[in-house]
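Peer 1: First the structure, which I've put down as structure tokens, then a few questions once you've had a look.
There are 2 protein chains.
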Amino acid sequence: MRSISKEKYDILVNFLQQNEIQALFVADYEDSPSINLRYLSGQPSDGMVLITSNGESFLIPWDLSIAEKYAEADEIFDISNYEYNVILILKEIIKKKFGDSKTIIGICKNFPYGFVIKMKALISNVKFFKEPRKLDTILGELRATKSDFELKQLTKAAEIGNKAIKDIENFAYNSSNGTENDLSFLVRQKIAEYGAEDIAFDSLVANSSRAHEMHCYPFATNQKFALPGLALIDFGAKYQGYHSDITVPFKFGNLTKEQEKILEIVLQTYEGAIEMVDIGVPLWKIHDYVEQILKNEGYSMPYSLGHGLGLSEHDSPIISRKPKDEYALKYWKEILVEEGMVFTIEPGIYKQGIGGIRIENDVMVRNGKIEVLTRSKLIEVP
Amino acid sequence: MRSISKEKYDILVNFLQQNEIQALFVADYEDSPSINLRYLSGQPSDGMVLITSNGESFLIPWDLSIAEKYAEADEIFDISNYEYNVILILKEIIKKKFGDSKTIIGICKNFPYGFVIKMKALISNVKFFKEPRKLDTILGELRATKSDFELKQLTKAAEIGNKAIKDIENFAYNSSNGTENDLSFLVRQKIAEYGAEDIAFDSLVANSSRAHEMHCYPFATNQKFALPGLALIDFGAKYQGYHSDITVPFKFGNLTKEQEKILEIVLQTYEGAIEMVDIGVPLWKIHDYVEQILKNEGYSMPYSLGHGLGLSEHDSPIISRKPKDEYALKYWKEILVEEGMVFTIEPGIYKQGIGGIRIENDVMVRNGKIEVLTRSKLIEVP
């Protein structure tokens, strides 16, 4: 079953009509992933879906047996009947639906350039819609608000995350010699035990020697976790396709003055940002509130304050700055906090030589109310 | 440190000169991954690298502290000095190196279409090389043969995999009630214990009810693993960035006649394919040998017989069919087995209602000899 509701599907089809796009074309592969495949067709990964402006959908899965189990489309193709050449299938669909007349295909901005060139070379009547960002924007808008079913899955993913926070806390207090890898395994095992299908992503476990790396590499090591200073674990649960995303900050032993300072700023801006979340508030203003405080204190905000949660751990909406350059502004839209949204709030400060710290919780807007679904807070170990 | 050798770097730069490409541009992000970033710059992920036709390299990392630890480039940029807008950095480099004259940028086929459009709109003298596949081909050729250092890392990754095969065997014989998830965790834990930095990818653990899914979804479940019939685990180890990839096939209890048949075909074609591997043999012929047997027996070969191993679990070369269509043939090159190659051989048959089976081992060509590095074989449990 696809996740997109009937009502939203109609909005998408209308968008295609209004923009004179004959078909939307989405591909998801290992080297060019797109969550829109799953959102629009139910196929979890590895395939292509074409949606025409009269609402018909065509799925080209790599694995037919997975499509039969999960996918929904008006027609599902078996590539083994086409010499494993998807171009032959696309040609057939386009010929049948649009004949030889000019056919404008809409693709998103991450669509592979090489496939555009290949289609142009092999299907003579195909043109590509010139503004892929518009398609990212509309699909992002549709995905940004969740159905009741989706909100339930996301709540469950958050609850599993909350249970794991307790285990993380126990680990911090009782396993002073445990490594980053030990903590990473523990979280993985507990999350499965609590009914998740998987962790949401490889947990980032960073002791004080490397918490200043925003996206630490490797994700976890065999170094001891409880080194004095600031540390963090960024993890989540995946429940029936839906993700939670939590960062728990730690303070081990005594901190230097600057470590205390960045910790305090992060915790305070977190509280302030959560306070600001309310229906109708522009998302960029929440980001801006945090970014301005960080700037005034002499730090920077190298990434976005938060992001949506859904079928991927980085879904829409994005809680980020208002772009400054004209090009980005042209495609930018002010998004307001709205019923059905689920997103993270995750301020952080990272400074080599000092350390890094971030706190992250998941926020849901349901029945007109703002709920903080997850319960990360600073864990202090003397 | 970057993985590409000085000698190969010069080959790449020569290629750029000969094709009148002023700069190669590679990007790696969550939604458009490319192992070429790490190969060419050492930066493990999340960034862009530009290599000019006179051999200069410019790195734009998302996380500067990770770049300082791992990367190698003539200049490394701090995006926080450019309002987090990479276009401003690209403009600066292009202006400085090429002035206002026409600048042809080479990109690979998975480069995001939206970024091409954005660069064209914002940097007026930029054009894109029309044949991205040629760049994939040259980079694939360079990555396909490994240095001595790389061969050592790959050998170590394979050895760790071999140790884990023993644990998998024990599990199959002694944990008859264990689940797919149990086996997945066991492998993860053992692989870390044996010194890997991580598993190579999420292990695919499929009992007989779902082994017919080529890339099973989810990767592992809480179902019992040892159901009667054919099952498999596809896993690997990642050692200092380098990957092994192994599939162990299982036979639980008695099989039906057709299950016996597909098992036998897979094991026999595996042996035949391994026998064929020798310096100078065209890779497509090894694939073709297996595919023809499968076809004759009424089965299909939905994927490629094997793939290279390196900084990603799917590296070059690819052991696949000779393309039939003209377009693909134009960019296709016959690749021969060569000194320094490391690749998988992994025939499989998948048929809904019957089952699925695959065996996969890693082969290395070193000092003129073919070594099968990993030791997967059928595990039979009565």
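Protein chains in written order, with this note's numbering: chain A, 1 to 382; chain B, 1001 to 1382.
Beta carbons are placed, not taken as given, at the ideal position from N, Cα and C, and that holds for glycine.
1) Does chain A have any CB closer than 7 angstroms to the CB of B/S1032?
2) Compile a chain-ordered list of the residues in the segment 1055 to 1077 of chain B whose CB is closer than 9 angstroms to at least one CB of chain A.
3) Below 8 angstroms on the Cβ atoms is my guess for A/H212 versus A/I354; work out the distance and round it to an integer in Å.
4) Counting only C-beta atoms, is A/E392 closer than 7 angstroms to chain B at any point?
5) Specify, as a first and last residue, the run of the alpha helix (DSSP H) that B/D1148 falls within.
6) Could you tell me whether the segment 331 to 347 of chain A touches the segment 355 to 374 of chain A, where touching means 3 or more Cβ pairs closer than 8 angstroms?
7) From the beta carbon of A/S101, is the nearest beta carbon of chain B less than 7 angstroms away?
8) Hey, is B/F1025's beta-carbon within less than 7 angstroms of any beta-carbon in chain A?
9) Taking the beta strand (DSSP E) that A/E380 falls in, what are its first and last residues?
10) Is A/V187 near A/S176, with beta carbons less than 7 angstroms apart?
11) Taking C-beta pairs closer than 7 angstroms, name the residues in chain A that B/V1116 reaches, listed in chain order.
12) Using the C-alpha atoms, what's the distance from B/P1302 back to B/S1208?
13) On the DSSP bridge assignment, give the partners of A/V281 in chain order.
14) If you count every other CB in all the chains shown that lies within 10 Å of the CB of A/N81, and 16 or more means buried, which is it?
15) Relative to chain B, which residues along the segment 179 to 206 of chain A have a C-beta separation below 8 angstroms, given in chain order?
16) Exposed or buried, which one is B/F1171 when buried takes at least 16 other CB atoms within 10 Å?
17) Return yes when the Cβ of B/L1255 is within less than 7 angstroms of the Cβ of B/I1357, no when it is not.
18) For B/Y1173, which residues from the same chain have a beta carbon less than 7 angstroms from its beta carbon, with the 5 sequence-adjacent residues on both sides left out?
19) Beta-carbon within less than 6 angstroms of A/A23's beta-carbon, same chain only, minus the 5 sequence neighbours each way: which residues are those?
20) So, using beta-carbon positions, are B/I1089 and B/I1123 closer together than 7 angstroms?
21) If I follow the unbroken beta strand (DSSP E) through A/T137, where does it start and stop?
22) With distances taken from CA atoms, which of B/C1108, B/L1142, B/D1100 is nearest B/L1012?
23) Restricting to runs no shorter than 4 residues, where is the alpha helix (DSSP H) found entirely within the segment 1242 to 1296 of chain B?
24) Grab the span of the alpha helix (DSSP H) containing A/F98 for me, first residue to last.
25) Identify the contact partners of B/L1122 in chain A, using a Cβ-Cβ distance below 7 angstroms as the criterion.
26) Can you tell me where the beta strand (DSSP E) with B/E1371 in it begins and where it stops?
27) What residues in the segment 349 to 361 of chain A bring their beta carbon closer than 8 angstroms to a beta carbon of chain B?
28) Are there three or more Cβ pairs, one per stretch, closer than 8 angstroms when the segment 1315 to 1322 of chain B is compared with the segment 1117 to 1132 of chain B?
29) Mapping the DSSP letters down to three states, classify A/Y303 as helix, strand or coil.
30) Cβ closer than 7 angstroms: which chain B residues qualify as neighbours of A/E83?
31) Anything in chain A within Cβ reach of B/Y1317, meaning under 9 angstroms, just list it in chain order.
32) Count the other CB atoms, across all protein chains shown, that sit within 10 Å of the CB of B/L1329; report buried if there are 16 or more and exposed otherwise.
33) Run through DSSP, which three-state label would A/V337 get?
34) Could you round the C-beta distance between B/F1115 and B/A1027 to whole angstroms and report it? I think they count as a contact, below 8 angstroms.
35) Can you give me the start and stop residues for the alpha helix (DSSP H) that B/F1115 sits inside?
36) If we ignore side chains and look at the alpha-carbon of each, how far apart do A/L332 and A/P323 end up?
Peer 2: Taking the coordinates as given:
1) Yes, B/S1032 lies at the interface with chain A (some Cβ there is under 7 angstroms from its Cβ).
2) Listed by position, the residues of the segment 1055 to 1077 of chain B near chain A (Cβ gap below 9 angstroms) are W1062, D1063, L1064, S1065, I1066, E1068, K1069, Y1070.
3) The pair is a contact, with the Cβ atoms about 7 angstroms apart (cut-off 8 angstroms).
4) The shown model of chain A, from 1 to 382, leaves out residue 392 of chain A, and the question about it has no answer.
5) 1148 to 1174
6) yes
7) no
8) no
9) Unbroken beta strand (DSSP E) run through A/E380: 379 to 381.
10) no
11) Y113
12) 19 angstroms
13) DSSP, once it has assigned bridges, lists no residue as partnering A/V281.
14) exposed
15) N181, F185, R188, Q189, A192, E197, D198, D202
16) buried
17) no
18) V1381
19) Beyond the five residues adjoining it in sequence on each side, A/A23 comes within less than 6 angstroms, by CB distance, of L50, T52, I105 in the same chain, given in chain order.
20) no
21) First-last for A/T137: 132 to 144, but that is the alpha helix (DSSP H), not the beta strand (DSSP E).
22) B/L1142
23) 1257 to 1276, 1283 to 1296
24) 86 to 98
25) Scanning chain A for C-beta atoms nearer than 7 angstroms to the C-beta of B/L1122 yields Y327, reported in chain order.
26) 1369 to 1372
27) Of all residues in the segment 349 to 361 of chain A, only Y350, Q352 come within less than 8 angstroms of chain B when Cβ atoms are compared, listed by chain position.
28) no
29) coil
30) K1324
31) Residue identity differs from the one stated: residue 1317 of chain B is Pro in this sequence, not Tyr. Here the premise fails: no neighbours, minimum Cβ distance about 16 angstroms.
32) exposed
33) coil
34) 7 angstroms
35) 1113 to 1122
36) The residue asked about is misnamed: residue 332 of chain A is Trp in this sequence, not Leu. Distance between the alpha carbons of A/W332 and A/P323 is about 7 angstroms.
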